[in-house]
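Trainee: One structure coming up, written as structure tokens, with questions to follow.
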Amino acid sequence: RQLGLIAKIEQPLALTNLPALIARARQRGPFGVMIARGDLAAEIGFERLAEMQEEILWICEAASVPCIWATQVLEDMVKQGIPTRGEMTDAAMAARAECVMLNKGPAVVEAVSLLDRLMGRMNDHVFKKTPTLRALKSW
């Protein structure tokens, strides 16, 4: 059985080379991309994080590559049992990815349940296939 690979995108060079990386990795077997948002923000700055995670999502969608939305998703919810408003909006935006990664914590089961309900409502609001409609110009 062939194991799949997940590319953890956390540096500007990985962003620049993502299309070529996807093309090369897809030749060998199952492949996906993880947006390591904490590491990426440390590398490119918080100001450009939202823009770059959007471009990663667009590239992955255009290439039919699954994408994992990771790092600090519902972090206060997982640790303290109550999400912040910002976490709820961030988690709702994660509906554009094929997978959402949560960290461990005492309220992780409740966070999974909340995320499931939120994703169920967000599915009608997410427009997929839009990456093929505009040129990418951010980098």
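With this note's numbering applied, the sequence shown has no gaps in its numbers, which climb one by one up to 145 at the end.
By construction, the Cβ of each residue, glycine as well, lies at the ideal position given by its N, Cα and C atoms.
1. Pick out whichever of P89, N129, R102 has its Cα sitting closest to the Cα of V118.
2. Rounding to the nearest angstrom, what Cα-Cα distance links C73 and V39 in this structure?
3. So what does DSSP say about M40, is it helix, strand or coil?
4. Look at the Cβ atom of V25, then the Cβ atom of I65, and state whether they are nearer than 8 Å.
5. Near V114, what residues of its chain come up, given a Cβ to Cβ distance below 8 Å and the 5 sequence neighbours on each side ignored?
6. Give the secondary structure of A76 by DSSP, where H, G and I count as helix, E and B as strand, and everything else as coil.
7. So, helix, strand or coil for K14, using DSSP?
8. Which value, in whole angstroms, describes the spacing of the CA atoms of Q33 and V79?
9. Quick one: what's got a C-beta closer than 6 Å to Q185's C-beta in the same chain, skipping five residues either side?
10. Can you tell me whether Q59 is buried or exposed? The criterion is at least 16 other CB atoms within 10 Å of its CB, across all chains shown.
11. Judging by CA-CA distance, which residue of L21, R91, C105 is the nearest neighbour of E61?
12. Under 8 Å by Cβ, that's how I've got R43 and A76 pegged, so tell me the actual separation to the nearest angstrom.
Mentor: From the atom records:
1. P89
2. 5 Å
3. strand
4. Looking at the sequence itself, residue 25 is Pro, so the reference to Val does not match. Result yes, Cβ atoms of P25 and I65 sit closer than 8 Å.
5. V84, L108
6. Assignment of A76 by DSSP, reduced to helix, strand and coil, places it in the strand class.
7. strand
8. 31 Å
9. This structure cannot speak to residue 185, because the chain is shown only from 7 to 145.
10. Buried, because 16 or more other Cβ atoms sit within 10 Å of the Cβ of Q59.
11. The candidate whose alpha carbon is nearest that of E61 is L21.
12. Contact flag correct, Cβ pair sits at about 6 Å.
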